[in-house]
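**Student:**
Residue numbers (my numbering): -16 to 501.
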């Protein structure tokens, strides 16, 4: 009787064992946990995609985005490069570079002239009649090279963006989206460049390196417009000229001056920099300068001890027209007045030098003298009014002034309408402005690189000066070259040619101060 209940109990345990085992393993099983993952903001994802597209497109352009193409007798490499300002840069190694503001877009066209093909160059020399068809040949070569570059750049941009998108996202759909967006951006850049294309940019090129001497071999002031008019239709014509320029500057021929052009070297704010005299003497010789105009601040404190600094003026090789700046004293002025080839202008005094009539006034304020309180612009305006009155008197007397000179632009602006051209300095940067009544104001930078003040800032100030080309008959400004040299410790050189608006092809000369009335 005792064994029966025990057996029943054992039987129930045996039947319940599988269920207990299941419950046991269910209890031990790790239950899944739910974690909250922060999803990036849509704008963040979009910015990330744009970054991937830009970096990938840039890498693609760097790796395969260039084309080697023959252009006339030259072997060139054409490349598209990301840029904030756009434009076209023609590198003529080892002579330097030629920069054009041809378009405004995030892409810059670089054309590297690798070498002149000796066979093709010799063929042109031996058969000059082929020059007549050179422009058409160059136009075809440029068109083919540009088309090839556009196709290759498109493939490079799409491939680079797609590959980087696949590496970053590891999703084919996102990678294809990156490639499509890159192609759309390239198309937009191309459309922007096409819409902003400026064929007249060849009228105002910027030279650097040994090509800085190029403007001196372009020609005289009368031929400047006709020379550049040849190139304004299309870039291919400029490339033709680069070929000639390569040959010309390689042999560095002596420049033959044209007697019908008056060349004026405008300097200002030398501030006791002795290097300025050597630069000025070099420019006088290179450009065959007829007259030098100094718009003041030649000194720093105007003391008698500084007068010896002015002695090289006597040996510069050209007449020197000078006005007093706010750092030049009466002592400085008296010292210069005793020099044979120096013409000091003050209180509206007028002189005729090198076929031009100048009038000017010195700065009414001498700021290094702390005992004199600076009067600011009112004193400058008053001095400019006196100069304008003198200019009117000169015109009434039948001896109109061609160029007025003042140190401070505030004084120079008062001559508006009384003279075709007025020169100034003081602000240590180059500016050009056609004022309300037609007078052109030309402000020169510091030909002394701001002197010792160049050490005060983070970067040294550049040395700046200009060559003005004037027609001997009309005494009108035909063009000017802005020369910019690296400051202390730098060895860069740039020359930019500029044409007055009325002197551009197709323009008519305006009436007014630009055409002096006898």
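Note that CB positions come from ideal geometry on N, CA and C, so glycine has one too.
Which of helix, strand or coil does DSSP assign to residue 466?
**Tutor:** Locating residue 466 in the chain shown gives position 483, counting from the first residue. Three-state DSSP puts residue 466 in a strand.
**Student:** Could you please give me the residues that DSSP links to residue 335 through a beta bridge?
**Tutor:** Numbered from 1 along the chain shown, position 352 holds the residue referred to as residue 335. According to DSSP, which records beta bridges pairwise, residue 335 is partnered with 340.
**Student:** Alpha helix (DSSP H) containing residue 46: first to last residue?
**Tutor:** By 1-based counting over the chain shown, the position of residue 46 is 63. Element bounds for residue 46: 25 to 47.
**Student:** With C-beta atoms as the reference, is residue 263 less than 8 Å away from residue 339?
**Tutor:** What you label residue 263 is simply residue 280 of the chain shown in a count that begins at 1. What you label residue 339 is simply residue 356 of the chain shown in a count that begins at 1. No; because the gap between Cβ atoms is not below 8 Å, this pair is not in contact.
**Student:** Since residue 73 is in the beta strand (DSSP E), which residue starts that stretch and which ends it?
**Tutor:** The sequence position of residue 73 within the chain shown is 90, counting from 1. Residues 71 to 75.
**Student:** DSSP three-state call for residue 260: helix, strand or coil?
**Tutor:** Position 277 of the chain shown holds residue 260. It is helical.
**Student:** With residue 434 and residue 446 assumed to form a contact (beta carbons below 8 Å), what rounded beta-carbon distance in angstroms separates them?
**Tutor:** Locating residue 434 in the chain shown gives position 451, where the first residue counts as 1. Locating residue 446 in the chain shown gives position 463, where the first residue counts as 1. Going by Cβ atoms, the distance from residue 434 to residue 446 rounds to 11 Å, so no, they are not a contact pair.
**Student:** How long is the line joining the alpha carbons of residue 247 and residue 66, rounded to whole angstroms?
**Tutor:** For the purposes of this step, residue 247 is taken as the residue at position 264 of the chain shown. For the purposes of this step, residue 66 is taken as the residue at position 83 of the chain shown. About 36 Å.
**Student:** Please state whether DSSP places residue 295 in a helix, a strand or coil.
**Tutor:** As a first step, residue 295 is located in the chain shown; it is residue number 312 there, counting from the start. Note: residue 295 maps to helix in three-state DSSP.
**Student:** Taking three-plus beta-carbon pairs below 8 Å as touching, is the segment 175 to 187 in contact with the segment 77 to 92?
**Tutor:** At 8 Å Cβ cutoff, the stretches touch.
**Student:** Grab me the residues of residue 273's own chain with a C-beta within less than 6 Å of its C-beta, minus the 5 sequence neighbours each way, in chain order.
**Tutor:** Position 290 of the chain shown holds residue 273. Counting only Cβ-Cβ distances below 6 Å, and skipping sequence neighbours, we find 245, 246 and 337.
**Student:** Whether or not the segment 310 to 318 and the segment 414 to 424 are in contact is what I'm after, with contact meaning three or more pairs of Cβ atoms, one per stretch, closer than 8 Å; do they touch?
**Tutor:** Touching, no.
**Student:** Residue 252 by DSSP, collapsed to three states: which one?
**Tutor:** Sequence index remark: in the chain shown, residue 252 carries index 269 (1-based). Three-state result, residue 252: coil.
**Student:** Going by C-alpha distance, which of 33, 254 and 269 is nearest residue 158?
**Tutor:** Here residue 158 refers to the residue found at position 175 when the chain shown is read from its first residue. Nearest option by C-alpha distance: 33.
**Student:** Taking the alpha carbon of residue 283 as the reference point, which residue from 47, 268, 296 and 253 has its own alpha carbon closest?
**Tutor:** Here residue 283 corresponds to residue number 300 of the chain shown, with the count starting at 1. Ranking the options by Cα distance to residue 283, first place goes to 253.
**Student:** In this structure, how does DSSP classify residue 189 when only helix, strand and coil are distinguished?
**Tutor:** As a working mapping, residue 189 is identified with position 206 in the chain shown. Residue state, collapsed to three classes: strand.
**Student:** Under the rule that 16 or more other beta-carbon atoms within 10 Å means buried, what is residue 494, buried or exposed?
**Tutor:** As a working note, residue 494 is residue 511 in the chain shown. Low local confidence applies: a pLDDT of 49 at residue 494 is under 50, so the model's placement there is unreliable, and no value is given.
**Student:** For residue 360, I'd like the list of residues in its chain whose CB is within less than 6 Å of its CB, leaving aside the five on either flank, ordered along the chain.
**Tutor:** Residue mapping note: residue 360 aligns to position 377 of the chain shown, counting from 1. Taken in chain order, the residues that qualify are 393.
**Student:** Using the three-state DSSP reduction, which class does residue 410 fall into: helix, strand or coil?
**Tutor:** Against the chain shown, residue 410 aligns to sequence position 427. Residue 410: coil per DSSP, three-state reduction.
**Student:** I need the straight-line Cα distance from residue 328 to residue 351, nearest angstrom please.
**Tutor:** By one-based count along the chain shown, residue 328 stands at place 345. By one-based count along the chain shown, residue 351 stands at place 368. Distance between the alpha carbons of residue 328 and residue 351: 21 Å.
**Student:** Would you check if there are 3 or more beta carbon pairs closer than 8 Å linking the segment 172 to 182 to the segment 148 to 162?
**Tutor:** The segment 172 to 182, when compared against the segment 148 to 162, does not touch it at the 8 Å Cβ threshold.
**Student:** Just list the residues that DSSP pairs residue 98 with in beta bridges.
**Tutor:** Counting from one through the chain shown, the residue named residue 98 turns up at place 115. The partner list for residue 98 (beta bridge, DSSP) reads 58.
**Student:** Do residue 371 and residue 401 come within 8 Å of each other at the CB atom, strictly closer than that value?
**Tutor:** Against the chain shown, residue 401 aligns to sequence position 418. Against the chain shown, residue 371 aligns to sequence position 388. Yes.
**Student:** Taking residue 448 and residue 299 to be in contact with their CB atoms under 8 Å, please state how far apart those CB atoms are, rounded to whole angstroms.
**Tutor:** Working through the chain shown from its first residue, we reach residue 448 at position 465. Working through the chain shown from its first residue, we reach residue 299 at position 316. About 13 Å separates the two Cβ atoms, so there is no contact after all.
**Student:** Taking C-alpha atoms, which residue in 385, 382, 459 and 425 lies nearest to residue 396?
**Tutor:** On the chain shown, residue 396 is found 413 positions in, with the first residue counted as 1. Minimum Cα distance to residue 396 is reached at 425.
**Student:** Identify, in the order they occur along the chain, each residue of the same chain with its Cβ nearer than 8 Å to the Cβ of residue 145, setting aside the five sequence neighbours on each side.
**Tutor:** For the purposes of this step, residue 145 is taken as the residue at position 162 of the chain shown. So the qualifying residues of the chain are 39, 158, 159, 161, 162 and 165.
**Student:** Taking only three categories from DSSP, how would you classify residue 314?
**Tutor:** For the purposes of this step, residue 314 is taken as residue 331 along the chain shown, with counting starting at 1. Helix.
**Student:** Can you name, in chain order, every residue of its own chain whose Cβ lies under 6 Å from the Cβ of residue 366, other than the five neighbours on each side?
**Tutor:** The residue labelled residue 366 in the question sits at position 383 within the chain shown. The answer, listed in chain order, is 344, 347 and 394.
**Student:** Starting from the Cα of residue 334, find the closest Cα among 388, 369 and 293 and give me that residue.
**Tutor:** Here the question's residue 334 lines up with position 351 in the chain shown. Closest by alpha carbon: 388.
**Student:** Ignore the nearest five residues each way along the sequence and tell me which others in residue 216's own chain have a CB closer than 8 Å to its CB.
**Tutor:** Here residue 216 refers to the residue found at position 233 when the chain shown is read from its first residue. Note that residue 216 has pLDDT 40, beneath the 50 cutoff, so the model's placement of it is unreliable and the number below is only indicative. For residue 216, where only same-chain residues beyond five positions count, the Cβ hits under 8 Å are 182.
**Student:** Let me confirm a value: residue 305 is counted as buried when at least 16 other C-beta atoms fall within 10 Å, else exposed. Which label applies?
**Tutor:** In the chain shown, residue 305 corresponds to position 322, counting from 1. Flag for residue 305 reads buried.
**Student:** Give the straight-line distance between the Cα atoms of residue 369 and residue 410, rounded to the nearest whole angstrom.
**Tutor:** Along the chain shown, read from residue 1 onward, the residue named residue 369 stands at position 386. Along the chain shown, read from residue 1 onward, the residue named residue 410 stands at position 427. One C-alpha to the other measures close to 22 Å.
**Student:** Could you check the C-alpha separation between residue 500 and residue 460 for me, to the nearest Å?
**Tutor:** Taking the first residue of the chain shown as position 1, residue 500 is located at position 517. Taking the first residue of the chain shown as position 1, residue 460 is located at position 477. Here residue 500 scores only 34 on pLDDT, less than 50, and its place in the model is too uncertain to base an answer on.
**Student:** Kindly indicate which three-state DSSP category residue 384 falls into: helix, strand or coil?
**Tutor:** Here residue 384 corresponds to residue number 401 of the chain shown, with the count starting at 1. The answer is coil: DSSP assigns residue 384 none of H, G, I, E or B.
**Student:** Among 133, 189 and 301, whose alpha-carbon lies nearest the alpha-carbon of residue 171?
**Tutor:** As a first step, residue 171 must be located in the chain shown, where it is residue number 188. The residue with the shortest Cα to Cα distance from residue 171 is 133.
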